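K.L.:
Each residue of the sequence shown is one higher than the one before, counting from 22 in the numbering used here.
Even glycine gets a Cβ: it sits at the ideal position worked out from N, Cα and C.
Quantities reported herein were computed from a predicted structural model and do not represent experimental measurements.
After the structure tokens below, expect a handful of questions from me.
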Amino acid sequence: MSDAIPGPSSLSSSVVYASFLPFWITSCCSTSPYDKGIMLYLLYLSKEELQKFKQLLVRREFSLSAHPAWEQLEAASWAELVHFLTQYFPGRQAWDVTHNIFAKMNQQNMCFLVQKELNALLPMLESNEEVLLKLEKEEVGSSDWDSRESPNYVGVKHRVRKREGRKQRVQAISVCLWWSARAIRAPVVVSSHHQSPHGDQLAPSEPPWRSARAIRAPVAVSSRRQSPRGDQLREYKLRVLRKFFPEWDRITWPGNCVDFFYQEVHKHKTFLPCLFLPRKPQGRPAKTIIIDGAPGIGKTTLARKLMVAWARNQFYAHKGWFVFYFQCQEVTRVGEQSCSELIERQWPGCQALVSKILSKPDQLLFLFDGFEKLSRPLFVRQRELSADWSRKLPGTVLLSSLLSKTMLPEASVLLTMRMNSWWVVRPLLKSPFFVTLRGFTMMEKIQYLRTYFGNTEEGERAVDFARRNTILFSLCRVPALCWMVGSCLRQQMQAGVDLAEACPNATAVVALYISSLFPFRAEPLPGRTHLEHLEGLCHLASLGMWSMKWVFGKEDLEEAKVDELDVSSFLGADILQEVGGEEPRYTFAFAIFQEFLAALFHVLYFPGRPTPFHLLGHGDIQYLIASPGGSRSHLAHMGMFLFGLFNVSCAAMVRRVFRCELSWGNKRKVLQTMSLLLEGDLPALCCGVPQLFYCLTEVREEDFVSQALSGYRKAVLKMQSNKDVQLSAFCLKRCRRLQEMELTLMVNFSQVWWPGPGDSLHAAEIQESDMQYQWWQDICSVLTTNEGLAVLTLTKSILEAPLVKVLAAALRHPQCKLQKLSLRHLGPSVLHKDLFCVLVENQRLSSLEIQYTEVGTEAMRDLCAALRHPQCALQCLRLEYCMAAPEDWIDLAKGLQNDIRLGSLLLRRNPLESFMANYVSASRLERLSLETCNLTGLACERLASSLQQSKMLTHLSLADNPLGDEGVKPIWKALGQLACPLQRLVLRKCALTSACCPDVVSVLSQSQTLRSLDLSFNSLMDKGVTLLCEALKNPDCSLQVLELEQCLFSSVCCSAMSSVFLSNPSLRYLDLSKNNIGLLGILTLVGGFPSHRQREEVLLERKAKEDVGMLARLSGPTVQSNYLKIVQDWNS
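This is how it looks when you write it as structure tokens:
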């Protein structure tokens, strides 16, 4: 392991740290169980290294000769080991111990990472004094329940009090608690005679998972008498195993489950020990964990796994938790009860122990499962919550009190729910940590389908069909849906039907499966037709979708007109399932049934009615299509299925299998609504692709999609999967009026991993026939077919050479009308020679931006060669944080001396010492910005010399450079002798003081072209601003814009400033924000407004909060004739 890790001497610390972590840690979002975790480097220890680490930890010599029990560490995972270290070594001690053990293991790279993490966390960790006070408080509040009066504990405690010095006391108390915990929780190994720790013989025929080896009941080693508590805990764990083993739910899966089989989601298994991983910044585990995910993804299965692991002492065994599992609906459905009674329901016969258990809430872990199935809302007032665990409360109040930590705040809580239920519980929870379950990976989907089809050629065809329909393939991440897709495809293939014709979209697959379950009556009930029965079920589904309701009672059935016979039929067909309780309640057997039937409700046709279909409103359609893509909106699948039913082929199939007629009324209404929505300014998406793209891809009709996207002007797409790429390619090709496109491609096309024969893996290089490659070609073809597309931005994307060549070919195409290309946060491979050739061959491309992207020597050489080419028409070049070498900047500086057409050069966050030393002038350069380039006075002298040779420069920015008064002097001197028509000068954040103001006054009196001056964020003070005001009083001063934001002046200079309003008619914009002028200064300014105004109006404007970009700073504020705009913090 250590040989594979690069040493810190060869790499920067950030690179070294990232190299240790797997991709799901370094690129995960906030929903990963590893997010903000500490000591993640332990994950990369091999099994042998991890065991050696544990052994050294046990053998480590302590000041009191106490050692952790090996039984507590032997089966611990790396995450549980982190929890163990931080629990028994408070503050920085955990990192010190870890560092020492790694040093003994000769893991120098690990030692480096430990020290790096400790340095970052040290200000947040508890001090020794805080640890001591906390432990002493726990010591004082201890009871005989903790077995702390055992001889071991008393002896240790006595020696602790003899210790001198606070540091020694902290270590001693830590070991004291550790020794006590060992005395309480040390598991006893069962003898070969199968005798339990308490003397009872186990039946020879008892299953192995019921044996005492599987459940090691904790006993007190200080006493030879058997512990009643140990007996009861052991019986409770046996009860847990009987209830929750096997871990996956043995519910009746929808339909004929003869051929159903369960396949474990591997990643979910790895998540289990990481749920309570201590996290930054203080190295403590979260007290509230939310496990969210799509319906059927495995949330309940993971909770059941946790219960089984705990019962087997395989889940944080050192913690000594008492774990209790509750269905949320069971808690709220019962009348009034106390928390102690709630626990007694799960652990019958433990009444005498409940009070002792609840007196130590830090040892409690509550699992609340199925939050979204609550039939009663948790709208509880704060004053109704209770902290008394013995008080009887209504179920909703009790659950709310526990979730909000009003009751038992030290207890740990794990809550499972669907992604879209967060807004309901959000007001109750305090600092929850989220873990999102993603379901099957691509490899697991393929493995499942192959196994289902028996690894036959038929299975390969089914896998290939599903893979090419990425929406259908994405449904397979849910295990039961993966089986459902396989079952449906098998039925169609056995019938000899072509899959492409039978299943034109994912909606058709779901429709075929549900129709196979539907209980068609041979003779409908009197007075009711088959269509009415279908309508009732679809109506029930629709009511639930629009109100986020998943469990239905008697009133819901009556509203949807679903009678008892219908319910009986749907229960028998496994479309509905009964939810236990005092009153009969029902839920759809699977969420996708409810989503599809709700969509079907809005296309059913009822001849003879005044309105023959259920009309959707504008607001309803907007909810269906305007939310971010994926499963974030609970209406996402319903909207997708609705559009899938708009497909002609799918609709024909649905008519046949459901024996009903469909209406196109809502299809026309959707088109009308989309045209109105896209004409407005929809907010840009934070991530993903629009839900609208998901819907339109399901329709798969050229005319419909083109008409729906006719108003689409700007596309901001973050493509994180094959599905995102396919949807984007399909829809972008049909956006006829697209003007701007921003793409983030996070799918690596350079090497596509695909399972080969025998479940082995082989790397398939990109080929023209590959579907991913074809999708990228379709996306790039938009540049050649859309004449209005003027701006393309590529950001945070993985683009290897083959994909760059496709992009470059599209940019070189004669029909490409692109004007601006922005490359942000990309890898160096994007800057391919073919891309720079576009600057020569595409005469319309006038602007190129390269930001936060490494520009290597070869790339800079290609760029300079393109700029020097006579056919290059580039007008604006922006290079920001390009990490180029000094010699590369020399090449650029020399290249600019040629007669090129470049009019604007914007350089930011680049070290430009070598550039300025070789920069002479660019004859046609009109705008030059050198922001945050660490320029010095010597660079300014060189720049001042080049300014005197420039004849066309109108805008110059040196913002955010530590020039100082002396450093900027050459610029002031050059401004008086310039031949160029300089109009705008930006010197904000240049470390200027009032000493520079005489030079500024001199420039203002001499320059006839300077119209705009930005001196913000400099310490001009009252003295300097007063001098500027004297210069502005000169009627010949042509300055129109003066920006003095945060220049540290007060109301003292406001009198001189107000006089400027009377004497200077040219001033149009004055920025005085972030200066402490107070009310007196404001009144003084207002009093200076002329009564016989030389301008029509004075506008008082509050400073906008948004940051101004580099190009906007260089251009400066816009001014209007005969207006004076004064910007200030008028609300201060």
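Would you mind giving the Cβ-Cβ distance between V484 and L493, rounded to the nearest angstrom? I have them listed as a contact below 8 Å.
P.N.:
About 11 Å; that fails the 8 Å criterion.
K.L.:
Quick check: the Cα distance between C4 and D252, rounded to an integer number of angstroms?
P.N.:
No answer is possible for residue 4: it lies beyond the span of the chain, which begins at 22 and ends at 1153.
K.L.:
Just to confirm, are V1022 and D1043 a CB contact at a threshold of 7 Å?
P.N.:
Cβ atoms of V1022 and D1043: not closer than 7 Å.
K.L.:
Cutting at 8 Å between CB atoms, please list the residues of its own chain near L4, excluding the five before and the five after it.
P.N.:
Residue 4 lies beyond the range of the chain shown here (22 to 1153); nothing can be said about it.
K.L.:
Are the CB atoms of L913 and S950 within a distance shorter than 7 Å?
P.N.:
No, these two residues do not count as a Cβ contact at 7 Å.
K.L.:
Work out the CA separation of I310 and V588 for me, nearest whole Å.
P.N.:
For V588 and I310, the distance between alpha carbons rounds to 37 Å.
K.L.:
So, for V135: in the same chain, excluding its five sequence neighbours on each side, which residues have a beta-carbon less than 6 Å away from its beta-carbon?
P.N.:
Cβ within range, chain order: W116, T119 and H120.
K.L.:
Work out the CA separation of D383 and F474 for me, nearest whole Å.
P.N.:
Straight-line Cα distance between these residues: approximately 49 Å.
K.L.:
Would you kindly check if the distance between the Cβ of F622 and the Cβ of I596 is under 7 Å?
P.N.:
For I596 and F622, no; Cβs fall outside 7 Å.
K.L.:
Touching or not, the stretch 846–860 and the stretch 905–912, by the rule of three or more beta carbon pairs under 8 Å?
P.N.:
No, they do not touch.
K.L.:
Could you pull out every residue in the same chain whose Cβ sits closer than 6 Å to the Cβ of S537, ignoring the five residues on either side in sequence?
P.N.:
Excluding sequence neighbours, S537 sits near nothing in its chain.
K.L.:
Can you pull the DSSP bridge partners for H976?
P.N.:
Answer is R948 and R1005.
K.L.:
Enumerate in chain order the residues of its own chain whose CB-to-CB distance from S213 is below 6 Å, with the five nearest sequence positions on each side excluded.
P.N.:
A caution first: S213 carries a pLDDT of 34, below 50, which makes its placement in the model too unreliable to give a value.
K.L.:
Verify whether the separation of the beta carbon atoms of C1075 and T1105 is less than 7 Å.
P.N.:
Yes, Cβ-Cβ distance for C1075 and T1105 is below 7 Å.
K.L.:
Would S696 pass as a contact of G638 if the rule is Cβ separation under 7 Å?
P.N.:
No; because the gap between Cβ atoms is not below 7 Å, this pair is not in contact.
K.L.:
Give the DSSP-derived three-state secondary structure of A620 in the structure shown.
P.N.:
A620 falls in the helix class under three-state DSSP.
K.L.:
Distance check for G391 and D577, CA to CA, integer angstroms please.
P.N.:
Cα to Cα, the separation comes out at about 20 Å.
K.L.:
Are E719 and M792 touching if we call contact CB-CB under 7 Å?
P.N.:
Contact flag unset, no.
K.L.:
With the cut-off set at 7 Å, would you say S411 and S359 are in Cβ contact?
P.N.:
Result yes, Cβ atoms of S411 and S359 sit closer than 7 Å.
K.L.:
Please determine if the stretch 549–563 and the stretch 518–535 are in contact, where contact requires at least 3 C-beta pairs separated by less than 8 Å.
P.N.:
With the cut-off at 8 Å, the stretch 549–563 and the stretch 518–535 do not touch.
K.L.:
Tell me which residue opens and which closes the beta strand (DSSP E) that V344 is part of.
P.N.:
Run containing V344: F343 to Q348, per the beta strand (DSSP E) assignment.
K.L.:
So, is S508 buried or exposed, given that buried needs 16 or more other C-beta atoms within 10 angstroms?
P.N.:
S508 should be labelled buried.
K.L.:
Comparing C-alpha positions only, which one of M566, L395 and C1018 sits nearest to L1049?
P.N.:
It is C1018.
K.L.:
Would you mind sorting D883 into buried or exposed? The rule is 16 or more other CB atoms within 10 Å of its CB.
P.N.:
Buried is the call here.
K.L.:
Hey, out of V876, Q284, H890 and N1096, whose CA is closest to Q864's CA?
P.N.:
Considering only alpha carbons, the answer is H890.
K.L.:
Look at the alpha carbon of S684 and the alpha carbon of L618, and state the distance between them as a whole number of angstroms.
P.N.:
Roughly 15 Å separates the two Cα atoms.
K.L.:
Within 10 angstroms of the Cβ of L1120, are there 16 or more other Cβ atoms? Answer buried if so, exposed if not.
P.N.:
With fewer than 16 Cβ atoms within 10 Å of its Cβ, L1120 is classed as exposed.
K.L.:
Less than 7 Å between the beta carbons of S1087 and Q1149, yes or no?
P.N.:
Not a contact, by the Cβ cut-off of 7 Å.
K.L.:
Which residues mark the beginning and the end of the alpha helix (DSSP H) in which Y109 is found?
P.N.:
Run containing Y109: W99 to Y109, per the alpha helix (DSSP H) assignment.
K.L.:
Is the beta carbon of G460 closer than 7 Å to that of V499?
P.N.:
Against a cut-off of 7 Å, the Cβ pair of G460 and V499 comes out as a contact.
K.L.:
By the three-class DSSP mapping on this structure, what secondary structure does L139 have?
P.N.:
It is helical.
K.L.:
Span of the beta strand (DSSP E) holding T845?
P.N.:
The amino acid occupying residue 845 in the given sequence is Arg; Thr does not appear at that position. Looking at the DSSP string, the run of the beta strand (DSSP E) that includes R845 is K841 to R845.
K.L.:
Evaluate L1063 with the Cβ neighbour count: other Cβ atoms within 10 Å of its Cβ, from every protein chain shown; 16 or more gives buried, anything less gives exposed.
P.N.:
Its Cβ being crowded by 16 or more others within 10 Å, L1063 is buried.
K.L.:
Exposed or buried, G304, counting other C-beta atoms within 10 Å across all chains shown (16 or more means buried)?
P.N.:
Classification for G304: buried.
K.L.:
On the DSSP bridge assignment, give the partners of G314 in chain order.
P.N.:
BP columns for G314 point to R439 and L458.
K.L.:
In the DSSP assignment, what are the bridge partners of Q598?
P.N.:
DSSP lists T608 as partners of Q598.
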